[in-house]
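*Asks:*
Protein chains: 2
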Amino acid sequence: MTPFSVRFKGGRDLNSTDQKRDVFVAIADPTRRKLIRLLAEGEELPLHELTNQFQMGRTAVSKHLTILKEAELVTNRKIGRETRFRLNPAPLQEIKDWLAFYEKFWNERAILLKNILEE
Amino acid sequence: MTPFSVRFKGGRDLNSTDQKRDVFVAIADPTRRKLIRLLAEGEELPLHELTNQFQMGRTAVSKHLTILKEAELVTNRKIGRETRFRLNPAPLQEIKDWLAFYEKFWNERAILLKNILEE
DNA sequence: ATTATACGACACCTTTTAGTGTCCAGTCAA
DNA sequence: TTGACTGGACACTAAAAGGTGTCGTATAAT
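Chains as they are written, first to last, in my numbering: chain A, 973 to 1091; chain B, 973 to 1091.
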């Protein structure tokens, strides 16, 4: 193991580990959904303040935030000694689009059920 | 009366060990999303036919279907020697509701961005 | 009656996930 | 300057996830 293992996956630009996470995976974890909720309400929050809202340690929360960041659901910047996080809801659009496709199926189903009941 | 179990939102339901899976987790896996897609298009499909659509073995597909079933996204019944699966899109409503809450945030954000651009 | 198909139930393996604790470096406050 | 916050970077671990192969048993086909 090299001390600084640089791994670009597909010719990514920039320095940081831009792992490109699946949004579906990102929102699958309840802790991460709670983080999203907190950031939606709290505008911009530092790590330690977010950590206060959980029973787990700072490291764990930080990791969750990293995953959210990789899914681009969150951005962060350093202010003094703290790192403040902000929600970016845009990637949720993908979920919405995915759902939209199936919406017609549960409408069809509802109509079907209604017809059956009317017989 | 349908031969397979009818389910309601909060109500208890019939025989099996209903593990109650998180819908968010259920849709996090791409294989399971593809299964949902196939079942949406295919009405009612047996396991072996679903398995044909993947490179993995039958056992793996079956496990994914179990998870979908535990999330109540899928129902199944035995016809002769085959087990046929059917989509139940209803639980997707939970995802939709969850998204709806954040929709206002990305609208606010869009408005904010628009205002900035107009300056 | 025999053979092929479909699938549940296991046992098993590897990788990922979600958490921990420790160490070190900036930053702020006294 | 000293000392307390804040958090990044590891190293490590237990459990869950996602696969595999095999065996036994209904069912269907010949």
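Ideal Cβ placement from N, Cα and C applies to all residues, glycine included.
Owing to the predicted nature of the structure, the values given are computational and were not obtained by experimental measurement.
Can you name, in chain order, every residue of its own chain whose Cβ lies under 6 Å from the Cβ of A:T1047, other than the five neighbours on each side?
*Replies:* R1058, N1060
*Asks:* Between B:S1034 and the rest of its own chain, which residues show a CB-CB distance below 7 Å, the 5 nearest in sequence each way excluded?
*Replies:* L1019
*Asks:* For B:E1044, count the other beta carbons within 10 Å of its own beta carbon; 16 or more makes it buried, fewer makes it exposed. Which is it?
*Replies:* buried
*Asks:* B:L1017 bridges to which residues according to DSSP?
*Replies:* B:F1057
*Asks:* For the putative contact between A:D1001 and A:H1036, defined by C-beta atoms under 8 Å, what is the C-beta separation to the nearest angstrom?
*Replies:* 7 Å
*Asks:* If you pair each beta-carbon of the stretch 1004-1015 of chain B with each one of the stretch 997-1016 of chain A, do three or more pairs fall below 8 Å?
*Replies:* no
*Asks:* Go through its chain and collect everything with a Cβ distance to A:I1039's Cβ below 7 Å, but skip five positions before and after it.
*Replies:* R993, A998, R1004
*Asks:* The beta strand (DSSP E) that contains B:I1039, what's its start and end?
*Replies:* Premise fails: B:I1039 lies in the alpha helix (DSSP H), 1030-1042, not in any beta strand (DSSP E).
*Asks:* Verify the CB distance criterion: does A:F996 have a CB-CB separation below 7 Å to chain B?
*Replies:* yes
*Asks:* So if I threshold CB-CB distances at 9 Å, which residues from the stretch 1038-1069 of chain B count as touching chain A?
*Replies:* With the criterion set as a beta carbon lying under 9 Å from some beta carbon of chain A, the members of the stretch 1038-1069 of chain B are L1059, N1060, P1061, A1062, L1064, Q1065, I1067, K1068, in sequence order.
*Asks:* Out of A:W1070, A:T1023, A:E1080, which one is the CA nearest neighbour of A:T1055?
*Replies:* Per the Cα distances, A:T1023.
*Asks:* Straight-line CA distance for B:L1089 to B:K1076?
*Replies:* Cα to Cα, B:L1089 sits roughly 20 Å from B:K1076.
*Asks:* So is A:K1050 buried or exposed if we call it buried at 16+ other beta carbons inside 10 Å?
*Replies:* exposed
*Asks:* For B:K1006, which of helix, strand or coil comes out of DSSP?
*Replies:* Residue state, collapsed to three classes: helix.
*Asks:* Among the candidates A:R1053, A:Y1074, A:A1062, whose CA atom is the shortest distance from the CA of B:P1063?
*Replies:* A:Y1074
*Asks:* Is B:L1085 near the ligand NAD, with its Cβ less than 6 Å from a heavy atom?
*Replies:* This structure does not include the ligand NAD; it has no bound ligands of any sort.
*Asks:* What is the residue span of the alpha helix (DSSP H) that A:F996 lies within?
*Replies:* 995-998
*Asks:* With a CB to CB cut of under 6 Å and the five nearest residues on each side skipped, what residues in its chain are close to B:K1041?
*Replies:* none
*Asks:* With a 10 Å radius around its C-beta and 16 neighbouring C-beta atoms as the bar for buried, classify A:I1083 as buried or exposed.
*Replies:* exposed
*Asks:* Note down, in chain order, every chain A residue with its Cβ under 8 Å from the Cβ of B:L1071.
*Replies:* L1064, I1067, K1068, L1071
*Asks:* So with Cβ pairs under 7 Å, would you call B:I999 a contact of chain A?
*Replies:* yes
*Asks:* To the nearest angstrom, report how far apart B:G1052 and B:E1021 are at their CA atoms.
*Replies:* 15 Å
*Asks:* Out of curiosity, what's the CA-to-CA distance linking A:Q1027 and A:L1017?
*Replies:* 17 Å
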